[in-house]
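Comments concern the structure below.
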Amino acid sequence: MQTSFPILVFPGVIYVPDDDIQQFEGGNRGYLEYTYAQAAYFFSTRARRVRRLKNINVGLGEREKILLGKLASVEKTETALDQLLGLLASKKVVVEEHVIDLEKKVDELSQNNEALNIRIESLKRELVDKEKQIIGLKEANVRLEEDLRCLLKEGVVGVVDKVIELHEFLHGIGRIKNNCWCAGEESGPDGVRKEIVVGTFDAGPARSSSSHNGGMAEDIDAFLSCDYATLLKLGELDLEGLKRLCACEAGGEPGTGGTTKIVGLDDDGDKGKNAI
C-alpha cells in the first residue's frame with residue numbers, strides 16, 4: 236500500500252506520494268527543484284495576499300474610525316432626536332389639550348351659530364310682520380288724515396249744528412230773547428237801540444224797575460255755564476261715533492245755515508215767538 240507524507244508549505248500543505256519521497260531519497264534533484272519552485276510560488280502569492288490584506292486591514296481601520304466617528308455623530312444625533320422627541324411629546328400633549336379646547340369652542344360656536352340662525356329667522360318673521368304693520372299704519376294714517384280733514388272741514392260745523400239743535404241751547408236762547416223783548420218794550424225801542432249800539436246796556440240796579448233785567452243776567456249766566464259737550468256726550472264718542480253725530484241724515488232736522496227756529500219758552504204771551 237502506497238502512503239504519502241505531507242510537506243508543509245505556507246500557507247497550505249502539499250502532500251507528496253511515497254514513491255516521490257523515495258526518489259527524493261535517491262537523489263532526484265528535479266523533483267526537489269519543482270517542489271521548491273512550487274513552494275516559492277505559493278510563498279510569493281501568499282505574501283502578496285498578506286500585503287493586500289494588510290492594506291485592506293489599514294483601510295478597514297480607517298473606515299472603522301470614520302464609521303466610529305459617524306456612529307458617535309449618529310449617537311449624538313440620536314440623543315438630540317430623543318430630546319426633540321421628548322419636547323415634541325410634551326408639545327403634542329399641549330396641542331392635544333388645545334385641540335380639545337378648540338373642539339369645545341367649535342361646538343359652542345356651532346350652538347351659538349344655530350341659535351343666531353334661529354334668532355335671525357325669528358327677526359326676519361318679525362320684520363315681515365312689522366312691515367305689514369307699517370303698511371297697515373300707513374293705510375290707517377291715510378284714513379286718519381282723511382278723517383282729520385273731514386273733521387276740520389265738517390266736524391266743527393256739525394258739532395255746532397248739534398249744539399244749536401239741543402233743547403237746552405234753544406231754551407236758553409229763547410229765555411234771553413224773551414227777556415230782551417220785554418226789556419225793550421219797557422224802556423222803549425229807541426232807548427234800547429241806542430244802548431245796544433253804544434254798548435252801554437246794563438241790567439243793574441239802575442233798571443231794577445224792570446222785572447226782566449235781573450232775569451236776563453241769570454239766563455245769560457246759565458246759558459254760558461251750560462256744558463254742551465257733556466250733553467252731546469262728546470267725551471264718550473270715538474271717531475266713528477263723532478262722524479255719525481256730525482252726519483246730517485236725509486230728512487233730519489236742519490241745523491246748518493241759520494234755519495233753526497228759536498222761540499220764547501216762557502209764558503209772557505206771544506212775545507218772542509218770532510223767528511230770529
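So the sequence shown is residues 236 to 511, counted in my numbering. The beta carbon of each residue, even a glycine, is placed where N, CA and C say it ideally should be.
What is the rounded straight-line gap between the Cα of residue i and the Cα of residue j?
i              : j              : result
serine 325     : glutamate 332  : 11 Å
lysine 305     : isoleucine 291 : 20 Å
histidine 406  : leucine 386    : 28 Å
valine 244     : arginine 286   : Caution is warranted here: a pLDDT of 44 is assigned to valine 244, below 50, making its placement in the model unreliable, and the coordinate value is therefore given only provisionally. Between valine 244 and arginine 286, the C-alpha separation is close to 18 Å.
cysteine 415   : glutamate 403  : 18 Å
valine 377     : arginine 360   : 26 Å
isoleucine 369 : serine 357     : 18 Å
leucine 344    : threonine 312  : 45 Å
glycine 476    : arginine 354   : 43 Å
tyrosine 269   : glycine 294    : 37 Å
threonine 495  : asparagine 413 : Because threonine 495 carries a pLDDT of 43, less than 50, the predicted location of this residue cannot be relied on, and the following value inherits that uncertainty. If you take the alpha carbons of threonine 495 and asparagine 413, they lie about 17 Å apart.
threonine 435  : valine 394     : Residue placement at threonine 435 is flagged as unreliable, the pLDDT there being 48, under the threshold of 50; the coordinate-derived value follows with that caveat. Roughly 33 Å separates the two Cα atoms.
glutamate 400  : lysine 365     : 46 Å
threonine 314  : arginine 298   : 23 Å
leucine 383    : alanine 375    : 12 Å
aspartate 342  : valine 334     : 12 Å
leucine 372    : leucine 337    : 49 Å
valine 498     : glutamate 453  : Its pLDDT being 44, under 50, valine 498 is placed unreliably in this model, and the value from its coordinates should be taken loosely. Near 18 Å, if we compare the C-alpha coordinates of glutamate 453 and valine 498.
glutamine 273  : threonine 280  : 11 Å
leucine 319    : alanine 307    : 18 Å
Quick check on DSSP: helix, strand or coil for residue i?
i           : result
lysine 326  : helix
leucine 319 : helix
leucine 358 : helix
leucine 306 : helix
leucine 295 : helix
leucine 372 : helix
leucine 267 : helix
leucine 480 : helix
leucine 379 : helix
glycine 261 : Its pLDDT being 49, under 50, glycine 261 is placed unreliably by the model, and nothing is read from it.
lysine 401  : One detail in the question is off: residue 401 reads as leucine in this sequence, not lysine. Coil, per DSSP.
For residue i versus residue j, is the C-beta spacing smaller than 8 Å?
i              : j              : result
leucine 480    : lysine 397     : yes
isoleucine 411 : isoleucine 455 : yes
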